[in-house]
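To start, the structure under review is shown below, and the notes come after it.
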Amino acid sequence: MASSSASSRSVGGGSGYEVPPVPYRERPLEYEPAVFCHCHAKAAQFISWSDTNPGMRFLKCAKRAQQMTISALQAELEDARREKSVLQLELQDADRANVGVERGHSDTATRL
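Each residue of the sequence shown is one higher than the last, beginning at 1 in full-length UniProt numbering.
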């Protein structure tokens with residue numbers, strides 16, 4: 001039974017499938033020799049399967065994803081602060097307009 005499964009994995013012709021020269025899925029931290037980032041963490045390795053860079057390996061710090069998330073959150077926070085300022089100004093304008101309307105109604109009521 002083991003021999004039949006081994007023959008189906010043979011490279012070349014036949015009814016079996018071909019095993020790619022580079023594993024299609026390789027966990028980012030399962031490579032040797034280890035390459036370490038400036039932060040002393042093991043860099044994650046990714047393999048490109050694009051037409052322009054087939055099999056090209058790229059290294060990226062695993063902590064970089066967390067830093068990108070933090071920077072994205074910082075951008076969202078800045079947008080929220082800006083939106084809060086705009087809403088506060090609109091509220092102040094609406095309050096001023098309502099005060100004028102209320103005065104107009106009270107003047108009309110006293111004339112009647």
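Positions of the beta carbon are idealized from the N, C-alpha and C atoms, including for glycine.
Predicted model, so just to flag it, every value in this text is computed and none were measured.
{"Item": "In its own chain, which residues sit with a C-beta less than 6 Å from the C-beta of Leu91, not counting the 5 before and 5 after it?", "Value": "none"}
{"Item": "Taking all protein chains shown into account, decide if Ala43 is buried (16 or more other Cβ within 10 angstroms of its Cβ) or exposed.", "Value": "buried"}
{"Item": "Going by DSSP, what residue range makes up the beta strand (DSSP E) through Phe46?", "Value": "43-47"}
{"Item": "Just how far apart, CA to CA, sit Leu89 and Val101?", "Value": "18 Å"}
{"Item": "Whole angstroms are fine: how far does the CA of Arg81 sit from the CA of Arg96?", "Value": "23 Å"}
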